[in-house]
Amino acid sequence: LALESVKDEL
Amino acid sequence: MNAFRLAGDMTHLISVLVLLLKIHTIKSCAGISLKTQELYALVFATRYLDIFTDFISLYNTVMKLIFLGSSFSIVWYMRRHKLVQRSYDKDHDTFRHQLLVLPCLILALLIHEQFTFKEVMWTFSIYLEAVAILPQLVLLQRTRNIDNLTGQYVFFLGAYRSLYILNWIYRYFTEPHYVHWITWISGLVQTLLYADFFYYYISSWKNNVKLTLPA
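Chains A and B, in that order, give the protein sequences.
First residue of the first sequence? That's 13 in my numbering, and the numbers climb one at a time after it.
First residue of the second sequence? That's 76 in my numbering, and the numbers climb one at a time after it.
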């Protein structure tokens with residue numbers, strides 16, 4: 013879950 | 076999406092557009108490091124491996140396509156376009172970029188959040204982006220004449236990194252579980268690399284004189 017949030021960044 | 080993040084993405088986009096404008100319209104890449112541009116193409120190619128597998132938002136997909144397309148077309152222009160090629164300052168752009176790629180790959184294999192191919196590649200792209208500007212900064216220092224577009228290009232890239240730091244601070248306080256040491260430390264290192272350039276850029280702008288960097 014935590015890992016996924018940063019993946020919406022470019 | 077918070078305002079810092081959007082402003083960061085927009086300054087990133089502007090920097091790419093400034094560079095494309097210079098290359099496409101003036102047909103010149105004087106003062107631009109091909110090494111840095113190749114590193115950025117590699118950064119985007121390894122970071123956006125999820126582009127066709129994980130859909131996040133239309134905004135996200137479109138921006139990824141823009142960064143991939145622009146970085147590869149800049150490299151194409153600098154290597155293949157006859158007029159652009161001629162303005163490339165090859166003799167001063169001598170930074171050995173392999174020396175950046177290998178340590179970043181090793182570091183990504185050692186320090187990552189998950190040991191999967193996609194995740195290690197993503198981490199590698201984060202480390203590589205942090206140092207990819209180095210050949211460009213070295214070239215600027217060797218080139219005595221920095222034209223306006225080149226200066227603006229580097230300025231907007233630096234602005235993008237600074238705004239991303241504000242974005243992380245904002246997200247840390249507003250979102251639960253938002254802790255990403257790999258991204259934060261790499262981003263901080265990357266922003267610090269610009270500090271020197273920023274100092275001279277802003278003082279040349281304030282004093283209304285042409286930008287030059289000390290040897």
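Note that CB positions come from ideal geometry on N, CA and C, so glycine has one too.
Remember, predicted model here, so these are calculated numbers, not experimental data.
Item: Exposed or buried, which one is Arg80 of chain B when buried takes at least 16 other CB atoms within 10 Å?; Value: buried
Item: Tell me the residue span of the alpha helix (DSSP H) that contains Val284 of chain B.; Value: Counting along the chain, Val284 of chain B falls outside any alpha helix (DSSP H), and DSSP gives it neither H nor E.
Item: Does DSSP put Gly226 of chain B in a helix, a strand or coil?; Value: helix
Item: Take Tyr152 of chain B as the anchor and find which of B:Asp84, B:Thr266, B:Ile89, B:Ala116 has the nearest alpha-carbon.; Value: B:Ala116
Item: I'd like the span of the alpha helix (DSSP H) that includes Thr198 of chain B, first residue to last.; Value: 192-206
Item: With 16 as the cutoff for other CB atoms within 10 Å, does His87 of chain B come out buried or exposed?; Value: buried
Item: Nearest-angstrom Cα distance between Leu212 of chain B and Trp280 of chain B?; Value: 18 Å
Item: Using beta carbons (cut-off 8 Å, strictly below), is Thr258 of chain B in contact with chain A?; Value: yes
Item: 8 Å is my cut-off, CB to CB: does His187 of chain B come that close to chain A?; Value: no
Item: Determine the direct distance from the alpha carbon of Pro178 of chain B to that of Tyr235 of chain B, and round the result to whole angstroms.; Value: 24 Å
Item: Would you say Tyr253 of chain B faces chain A, with C-beta separation under 8 Å as the test?; Value: yes
Item: Please work out which residues of its chain come closer than 6 Å, Cβ to Cβ, to Lys97 of chain B, disregarding the five sequence neighbours upstream and downstream, and give them in chain order.; Value: Leu224
Item: With distances taken from CA atoms, which of B:Phe199, B:Leu175, B:Gly106 is nearest Phe119 of chain B?; Value: B:Phe199
Item: Going along chain A, which residues have a C-beta under 8 Å from Ile131 of chain B?; Value: Lys19, Asp20
Item: Give me, in chain order, the residues of the same chain whose beta-carbon lies closer than 7 Å to that of Thr111 of chain B; leave out the 5 immediate sequence neighbours on both sides.; Value: Ala207, Ile208, Pro210, Gln211
Item: Mind pulling the chain A residues with CB within less than 9 Å of Asn283 of chain B?; Value: In chain order: nothing, as chain A lies at least about 34 Å away.
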